[in-house]
Each structure stands twice: as C-alpha cells, then as structure tokens.
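Asker: Taking my numbering, the leading residue of the sequence shown gets 501, the next gets one more, and so forth. Here a beta-carbon is modelled for each residue, glycine too, at the ideal position from N, C-alpha and C.
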Amino acid sequence: MFSLRHIILLLLCVIAFTSCKNVYYNTFYNAKHSYQIAEQTRKESETPGSRLTPAVYRELYKRVIAKASAVLELYPKSKWVDNALLLIGKAFYWREEHSDALVKYQELQENFPNSELIPEAIYWQGLTLWALNRTEEARYSFSYIDEQTEPELFALANLALAEMEAESQNYESAIESYQSLITQLGKKHKLLSHAWQGIGNSHYKLGRYDEALKAYQNVLKSKPKADINFETRVQIGTTLEEQGKLDEALAAYNKILKIKRLRIYEAETQLKQANVFRLKEQYDTSEDTYQNVVKKYPRSKYSAEAYYRMGLISQQVHKDLETAKEYFEKSSKENRQSDAGQAALQRRKDLMSLERYRLQADDAKDPQKAIVPLLNLAELYLFNLGEIDSALATYQHALTLADTTLFAPKALYAIGLIYGDSLKNDTKARETFQQLIDEHSNTPYASDARKRLQLNRTDDALAEARFLEAENLKREGVPPNDYIPILQQVATEYPKSLYAPQALFAVAWAYENDLDQLDQAKSTYQQVKDLYPLTRFAEIADEKLSGDFLELPKPKEAPQDSTLKTPPDSIAEAPKESPQTPPKQTGFKSADEETAPDLIDLSEADEPPELVSSRPPQYPESAKNIGDKPVTVVVRLLIAKDGRVKKAEPLSGPDEFYSAAILSVVKYRFRPAQKADEAKSVWIELPIVFQPPN
C-alpha cells in the first residue's frame, strides 16, 4: 500500500510535470499570438487608406522572432521547437530577411525529419527562394509537396508555380498551369478566383483582351474576397480602355462604387474614372473628379496622384507649365513618399530644366552655341517627358544648326531612333540611318546605324586587322618606324573605315611622343583635323595644335604600359539609347594640388557643377577579353569656372581603361560651380562606366 506521503509526492510530481508543459506551451503561445497580431497588422497596412507602414509590422515580426527564439533557448527539448523554428522562418520572410528564413527552414528539416510541419516548411522555403530569385530551387521545393497527403499545400504550391511562369513572362505556360490547377480544385475552392485572375492577366499581357474579359468574369463568379473582386473589376475597366471602349470602361468603374463592400476603394476608383474622362478629352470633368479626390482624401497617396495627373493635363494638354509646376509641387507635398509624389518631384525638376534649356537656346547669339541646349532639350522631351513629337522637332532643329559639326551624327542618330523605336516608321528610320552612314561614316553613330540596317563593312574588318597588327608590334617594342607605315596604310587604303581616323591619330601621336618629330606630328594632327572633322580624334588633334589639351596621365605602377602613348584602341561603342545622367559628384580637399584664386572646395559651393555635355566612353580594344561586366574608372576632374575640364587623373579602376577614361572626359562640358552667384573652379570625382562591347 502507498502511504499518504507517497501519494502526496506523486501528486506533486504530476503537478510539476504539468506545470513544465504549460510553461513550454505558454512561451510558444505568446510567440504564436504575437505572430497573429503581426499578420493582422500587415494585412491592415495593405488596405486602402491605411496609415500603417511596413516598418510597423516588421517590428512586430521582430518581436515574434524574439519570443519564439526563447522556446529554442530555454526549452530545447520541448515538443514546440519545430513549431518555433517554422514561426521564426515565416517572421524572417515577412521582414524580407530571406537568408535567415532559409536557415530556420533547413534547421527544422535536419533536426525534425519526421515533423508534420516539414511540408509547410518546404512550401515556405519555396516562397523564400522565389523572393531571392533562385527560381529553379524554388520550383524544386514546390514540386516536392505531395497532393495526396497535403492537398491544400499542393494547391498553393501549384498556384505559386503558375505565378512564377507569369512573372517570367512565360504567359502561355502560365495559362496552362492555371488551367491545370482549376481542374484540381473544387467549384468553391478559395484559390479558384486566384487561378482565373492569373489566366485573365496572362491573356491581357498577350493582348487577347476578349479572352481576358471572359476569365475576369469567371473570377467574379467564384465569389472572391473584396480585394480580388476590386482588382478584377479594375482590370476589366483597364482592358476595355485598351480596346477603346471608354464608355464601357467608365460603366465598369461606376459599378464598383455601387457595391457596398468595395466602397473602401472609392479613391482608387475615382482616379480610374478621371483617367477615362481624360482619354475622352473631357478635361474639365477629369479635373473636377481629381479635385474631388483631393478634397475627400487629403495628404494621401490618392491626393498626390490626383495632383500629379492634373499637372500632366496642364503640361501636355493646356501647355501651361507654370500651373503644371504648381500641381507637381502640391503632389509632392501631399505625399512625398508615394510613387506619384516622387514622380511629381522629378517632373517639376524636368520642367525647370526644360525652361532653362529653352532660354539658353533662345538667348544664344551664335547659332552654334544653341546646339547643346537644343540637344539637352530634345533628350528631356524624349526620355523624361515622353513627348516624342517635341523631341523629334527639336532634334531636327538642332540638325539644321549642327550640319557641319560633331553634333550632326548624334542628332541624326537620335532622329533615326525616334522614327524606328517610338514612331515605328521603318521607312523614315532607314532613310535617316542611311543618311548618317553616307555623311558621317567614321563615327560611332554610323557604326551602330550599320548594325541596325544589318550592313556588313569589309573595310572595317580589314582595317581592324591591320590596326591591331600595328598595336601588337608596338607592344612588342618594335621601333615606331616599323609600325607607322602600317598605320598609314590603314588611313590610306581604308579611309572610310572606323579605324582610319584612329590610325592617323596614332601616327601623329607616335611622331610627337615616340620620335619627338614635332613638325611631322603637327602635320599629321592637321590631317586628322582636316580629313575627319566630325570625329573625337579631330577634336583632340585640334586641342593638340592649339596647345590647349590634356596630356594622358600614366597609370600608376605601370610606366611601360603601351596604352600610355597610343590613341584610344577600340572601335567606338555604339551610342546609348538613353540620356547620359550626370553622376552623383562628391567633393574632397586637395592638399597638394594647384590652387587658384577662384578654386573652392565642392562643399563650399552653393551649386555644384552640372554636366551639360558628355560622350559615351569607348571600350579599349586591348581590354575586350577582360570580361563581360561593366568596368568603372573613377577620375578626378578640375572643373574650371568656364565649365571646361582643366585637369584630370584616374583614381581607381583597371589600368587598361585609364587612357580611354581620360579621353572620354576631355570634352566634357559643365555648368560651373556657383558661390555667391559667381562661377568657381572646383575638384570633383566622377565615375566613368565602360559597357562591354556586344
């Protein structure tokens, strides 16, 4: 028989054991409850009009990680450890700390191979790999889940696989995957609406608008949640807009406002309505609708969007730049962090630049001095403001002024791009590119024009072979008099090749730097200038002849590098089809540099120098085998108060690119730094990015 003492001890042990289990569970329960709060907050932040930012719910997920980690640290033998690991992984996922999330999923699988949570962990592992763009690994994870044992996770995984195809723009494969998923789901399955929506969106991307509309109707028949319902109805309206059925699109948006549970989306819907009125050229009605959004939803992303759209109407329709700038300023003040607020801020800056370039062009007494602001204005129209017709007209105006200058091929090239890429006028594009080739055959712009017209240049190939032969001889230490005739042959026998001006320039360079025959050098530089006036070699030759030039600096610790005394050794890189964006400039103090009364530190300037004229750097032929990634050389420039580059030296980057980088910046022109309304000289650092040749 048990004594009373034994019974009491037994009861105490049972109570102690139960208490321990409760402590384990309570610790995990606190973490789980915190996760539910974080999930709810995240979803609330995604609802219309929410003031919650991602930072709020990310902090809540951080608390989840701390509480779940307590289970691992304090109770490593409890049965809640695998649950805690999964919870931590999911919290890391929503904090976008994906690498940490993967570690937790892996720990769960390695330490608890028989856990019932393994399939869920593998599904979340797939989502995390997808977020890291490790798509093949993600597909493998999703494909691992078994339909028989985990039907719900299997459906989610297959939905993810279909969405991955759509994200990769494999729309036909995506449609097949969505349709396969639909056959697996029941008629009332919660994922049915997602699958039909995916089919509709894929058809829309393929331009199959009727098929898209049918799929969207199936979404609505599946009784989706409010957010999917709204997204689908908006997409119906957008599809009708693409079909030019503006009245039907307007009716679709009007219907949204009549559905009680969709009233939370009123602001977005009214923005859609206003856009249709704009497309119908009912500008007063459009602006009235935008004003209504501003009044009902102040200081929101919706009011910022409304002001931004009104600014576009003022700019593009009414041609009232002052009112447009006012609207853009209001947009950025309404919600500076919104997409519309950011776009408005940039658009206002663009309009101010537009006015400045116009003024510079109009005030130029010498027509040649109007060319640069006109080209800047044209690029602004084309790339920033999206006004294709204005860009074309401005480039054509610049061409009439630049017919005999280095800017002519650039203007012709841009005109050809607009005709070909923007206006889809292949005939005019080919005519323009052919004119560029005929009139400016030795320029990089002509080189790219030939590629676009699919023209082969035998002369270029032969000239390149001879030029490289001379380059190799120079590197081997052969006397200049042995390779100069080869370079002269390139210029004489292939005068219209890209290498002709380069070879003749190399001859002049050799006379000047290797043979010290200055008269011969001057004579040859003059030939470069006379025969190839619209090339960069002619520009540098002119500076040599005038005495106003920059000597190429020697790469550090490489005094015998043959690139020091040779001209740039590459076929010119084709011009970019986007404007050259002035790099961010950073200042520094120069303790041992030349000083001048007008030289200031960049930090002292009221306005830093602004790049107004540049050229794409040319990839050195000697470096073409280095790799297929962009190469950056940082150069240090002294920008004089007249906006010219007075001194230049490389700071970092591969030695093989130093010469080409300096040659690239020689003709850069800046709007000089300003201090107290006076132009000042200033040192800056500038990254020069070399794109590998195709």
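Which value, in whole angstroms, describes the spacing of the CA atoms of residue 830 and residue 823?
Answerer: Taking the straight line from one Cα to the other gives about 11 Å.
Asker: Near residue 1071, what residues of its chain come up, given a Cβ to Cβ distance below 6 Å and the 5 sequence neighbours on each side ignored?
Answerer: Interpretation of residue 1071 is limited by its pLDDT of 29, a score under 50 that renders its predicted location unreliable; the figure taken from the coordinates is listed afterwards. Closer than 6 Å at Cβ, skipping near neighbours: 998.
Asker: Cutting at 6 Å between CB atoms, please list the residues of its own chain near residue 1174, excluding the five before and the five after it.
Answerer: 1106, 1107, listed in sequence order.
Asker: Looking at the unbroken beta strand (DSSP E) that takes in residue 1132, where does it start and where does it end?
Answerer: Its beta strand (DSSP E) spans residues 1131-1139.
Asker: When the distance is taken between beta carbons, is residue 817 closer than 9 Å to residue 1112?
Answerer: No; because the gap between Cβ atoms is not below 9 Å, this pair is not in contact.
Asker: CB-CB under 6 Å to residue 838, same chain, minus the five flanking residues each way: which ones, in chain order?
Answerer: So the qualifying residues of the chain are 801, 804.
Asker: Tell me where the alpha helix (DSSP H) around residue 1166 begins and ends.
Answerer: Run containing residue 1166: none; DSSP gives neither H nor E here.
Asker: Buried or exposed: residue 760, going by 16 or more other Cβ atoms within 10 Å of its Cβ?
Answerer: The residue in question, residue 760, is exposed, as its Cβ has fewer than 16 Cβ neighbours within 10 Å.
Asker: Count the other C-beta atoms from every protein chain shown that fall within 10 angstroms of the C-beta of residue 1186, then say buried if there are 16 or more, exposed otherwise.
Answerer: With 16 or more other Cβ atoms within 10 Å, it is buried.
Asker: For residue 770 and residue 833, I'd like the C-alpha separation in whole angstroms.
Answerer: Roughly 21 Å separates the two Cα atoms.
Asker: Could you have a look at residue 684 and say whether DSSP puts it in helix, strand or coil?
Answerer: Helix.
Asker: Can the beta-carbon of residue 1041 be found closer than 9 Å to that of residue 1025?
Answerer: Yes. Within cutoff.
Asker: What residue from 741, 762, 559 has the CA that sits closest to residue 713's CA?
Answerer: When only C-alpha atoms are compared, the closest one is 741.
Asker: Nearest to residue 880 by alpha carbon, out of 869, 857, 870?
Answerer: When only C-alpha atoms are compared, the closest one is 857.
Asker: Taking 6 Å as the limit between beta carbons, can you name the residues of its chain near residue 654, skipping five residues before and five after?
Answerer: Excluding residues within five positions, the ones whose Cβ falls inside 6 Å are 645, 647.
Asker: Could you give the DSSP three-state label for residue 595: helix, strand or coil?
Answerer: DSSP places residue 595 in coil when its eight states are reduced to three.
Asker: For residue 758, tell me which candidate among 747, 774, 730 has the shortest Cα-Cα distance.
Answerer: Among 747, 774, 730, the Cα nearest to that of residue 758 is on 730.
Asker: My assumption, with CB atoms under 8 Å, is that residue 570 sits in contact with residue 628. Please give the rounded CB distance.
Answerer: Incorrect: roughly 23 Å between the Cβ atoms, too far for contact.
Asker: What is the residue span of the alpha helix (DSSP H) that residue 1009 lies within?
Answerer: 999-1013 is the extent of the alpha helix (DSSP H) around residue 1009.
Asker: If you follow the alpha helix (DSSP H) that residue 625 is in, where does it begin and where does it stop?
Answerer: Start and end: 618-631.
Asker: The ligand FAD and residue 1027: does the residue's C-beta get closer than 8 Å to at least one heavy atom of that ligand?
Answerer: Absence of the ligand FAD is noted for the structure shown, with no ligands found whatsoever.
Asker: Whose CA, out of 993, 1114, 821, 597, lies closest to the CA of residue 1214?
Answerer: In the structure as shown, the chain starts at 501 and stops at 1194, and residue 1214 therefore has no counterpart that could be examined.
Asker: With distances taken between CB atoms, is the gap from residue 913 to residue 949 smaller than 9 Å?
Answerer: Contact flag set, yes.
Asker: Return the bridge partner residues of residue 1150 from the DSSP annotation.
Answerer: 1135.
Asker: When the Cα atoms are used, what is the spatial distance from residue 538 to residue 558?
Answerer: If I take the Cα positions, the gap works out to 8 Å.
Asker: Using a 10 Å radius around the Cβ and a threshold of 16 neighbouring Cβ atoms, would you call residue 533 buried or exposed?
Answerer: Residue 533 should be labelled exposed.
Asker: One question on the structure: do residue 535 and residue 591 come within less than 9 Å of each other, judged by their Cβ atoms?
Answerer: Cβ atoms of residue 535 and residue 591: closer than 9 Å.
Asker: For my contact list, residue 942 and residue 1029 are in at a C-beta cut-off of 8 Å; report their separation, rounded to the angstrom.
Answerer: Not a contact, Cβ separation roughly 13 Å.
Asker: Please classify residue 1172: does DSSP put it in a helix, a strand, or coil?
Answerer: Three-state result, residue 1172: coil.
Asker: Alpha carbon to alpha carbon, how far is residue 615 from residue 1155?
Answerer: Going by the C-alpha atoms only, they are around 57 Å apart.
Asker: Alpha carbon to alpha carbon, what distance is there between residue 766 and residue 784?
Answerer: Going from the Cα of residue 784 to the Cα of residue 766 covers about 20 Å.
Asker: Run through DSSP, which three-state label would residue 865 get?
Answerer: If DSSP states are grouped into helix, strand and coil, residue 865 belongs with coil.
Asker: Per DSSP, which one or two residues make a beta bridge with residue 763?
Answerer: Answer is none; residue 763 lacks a bridge partner.
Asker: Does residue 661 pass the burial test, meaning 16 or more other C-beta atoms within 10 Å, or should it be called exposed?
Answerer: Burial call: buried.
Asker: Spatial neighbours of residue 940 within its chain, please: CB distance less than 6 Å, with the 5 preceding and 5 following residues excluded, ordered by chain position.
Answerer: The residues are 909, 946, 1034.
Asker: Which value, in whole angstroms, describes the spacing of the CA atoms of residue 1145 and residue 875?
Answerer: Each residue's alpha carbon lies about 21 Å from the other.
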